[in-house]
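A quick write-up on the structure given underneath.
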Amino acid sequence: MMRQAEAGLFSVRLHVVGGRLGAAQLGAIREAADRFGRGEVHLTSRQGVEIPNVREDSLSALKEFLAPSGVGVGVCGPTVRTVTACQGCRVCPSGVIDSPALADAVDHEFYGKPAPHKFKVGVSGCINNCMKAEENDAGVKGWIEPRWTGSSCTFCGVCAAVCPTRAITVSPETGSLVIDRSLCIGCGDCITSCPSGAMSEESRGYRIFAGGKFGRKPFLGKRILGVLTTKEEALAAIAAILEFFRAHGKPRERFGDTLQRTGFPALESYVKEKAGLP
Ligand code: SF4
Ligand code: SF4
Ligand code: SF4
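Numbering (the numbering used here), first residue to last: 474 to 751.
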């Protein structure tokens, strides 16, 4: 919760995982805002809800009032914060992964646990990246990796034309097609546009980004590891990333700054070994 500019008042941040609330929970929050605040709520930039204008002597009563509805109070300080997530393949037609399921799993394991500084996790269900994975200490995107089968290819060049990052080079004269995996952003457009079925899915799953942050000194997180194919692998990767941060981060140092010192290869090696990942 945040101490407000006005003396004696607090803005109480609630624990809302992935921006999901049931209708009954919304009703409880509305009533709490009436009873303990001034009848208004604030929606935060990380999908959360805050009840502002709560008097210090009402904080305990507010928590007790909300508890039966399953709405808790958010954490602050050097801890793992509430996870953000889109609706993923549960709802969104573009979704590749079940973002809320991973958000719930991360929240269950790590929410409120200590870290050298705040540690944020965000999950985007696909490459459209509505949850801005690279702005998080650990970010996740749904990802589709293509596989080319030369025997079915007519070298029409459609896949190269639709690829948003020019990751594909087609050479009809030599009968070759090269996918530059370092440029591929896992959109799957080459697969859906291939008229002959020569481009298919090699893997579908979770891509991990580490070390991102926003605020005063923004830094975009970088991609580590290969495509992880299960929620459990993604969870293990995030666990190992957090362990690495605890081992190498200085107090009050954001993870992105830690990685500037250690380098990303050190993190990647650690995560691969600890979590047994590709
Ligand atoms: S990131 Fe993808 S799956 Fe998630 S809401 Fe955006 S378009 Fe849908
Ligand atoms: S779109 Fe399909 S058939 Fe055409 S070049 Fe690409 S892989 Fe080959
Ligand atoms: S998946 Fe997307 S980015 Fe990757 S090669 Fe295919 S079209 Fe290009």
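Every residue, glycine too, gets a C-beta built ideally from N, C-alpha and C.
Any non-hydrogen atom of ligand 3 within 6 Å of residue i CB
{"i": "C660", "result": "yes"}
{"i": "C629", "result": "no"}
{"i": "I641", "result": "yes"}
Contact belief for residue i with residue j at Cβ below 8 Å, rounded distance in angstroms
{"i": "C636", "j": "C663", "result": "6 Å"}
{"i": "V548", "j": "L575", "result": "19 Å between Cβ atoms; not a contact."}
{"i": "C657", "j": "E618", "result": "7 Å"}
{"i": "F728", "j": "D580", "result": "Actually they do not touch by this definition, with Cβ atoms about 18 Å apart."}
{"i": "K536", "j": "V527", "result": "About 10 Å; that fails the 8 Å criterion."}
{"i": "H488", "j": "T557", "result": "Rounded, the Cβ-Cβ distance is 12 Å, inconsistent with contact."}
{"i": "H515", "j": "E726", "result": "Not confirmed; about 29 Å, so no contact."}
{"i": "K695", "j": "F737", "result": "5 Å"}
Same chain, Cβ closer than 6 Å to residue i, five either side skipped, listed in chain order
{"i": "S484", "result": "M475, Q477, E523, P525"}
{"i": "G492", "result": "Q520"}
{"i": "F592", "result": "V553, D610"}
{"i": "G722", "result": "P589, T731"}
7 Å Cβ shell around residue i - same chain, five flanking residues per side excluded
{"i": "C565", "result": "C559, G598"}
{"i": "A501", "result": "L539, S542, V544"}
{"i": "P645", "result": "F628"}
Same chain only: Cβ atoms within 8 Å of residue i, ignoring 5 sequence neighbours per side
{"i": "N601", "result": "S567"}
{"i": "L499", "result": "none"}
{"i": "S760", "result": "Summary: the structure shown does not reach residue 760, with the chain confined to residues 474 through 751, and so no result is reported for it."}
Closer than 6 Å: residue i CB and nearest ligand 1 heavy atom
{"i": "N609", "result": "no"}
{"i": "C549", "result": "no"}
{"i": "G561", "result": "yes"}
{"i": "G457", "result": "No answer is possible for residue 457: the residues shown for the chain start at 474 and end at 751."}
{"i": "N526", "result": "no"}
Closer than 6 Å: residue i CB and nearest ligand 2 heavy atom
{"i": "V553", "result": "no"}
{"i": "V468", "result": "No answer is possible for residue 468: the residues shown for the chain start at 474 and end at 751."}
{"i": "V651", "result": "no"}
{"i": "C667", "result": "yes"}
Neighbour flag for residue i against chain D, beta carbons, 7 Å
{"i": "I570", "result": "Of the protein chains in the structure, only one exists, and it is not chain D."}
Under 8 Å: do the stretch 683-695 and the stretch 620-633 share three or more Cβ pairs, one atom per stretch?
no
Contact between the stretch 677-687 and the stretch 642-655 (3+ Cβ pairs under 8 Å):
no
Report the residue ranges of all beta strand (DSSP E) runs contained in full by the stretch 641-676; include only those spanning at least 3 residues, in chain order.
641-644, 649-652
For the stretch 555-597, list the beta strand (DSSP E) runs that are entirely contained and at least 3 residues long, ordered along the chain.
With a minimum length of 3 residues, the continuous beta strand (DSSP E) runs that stay inside the stretch 555-597 are 594-597.
Every unbroken alpha helix (DSSP H) within the stretch 701-738, with a cutoff of 4 residues, ordered by chain
704-721, 728-735
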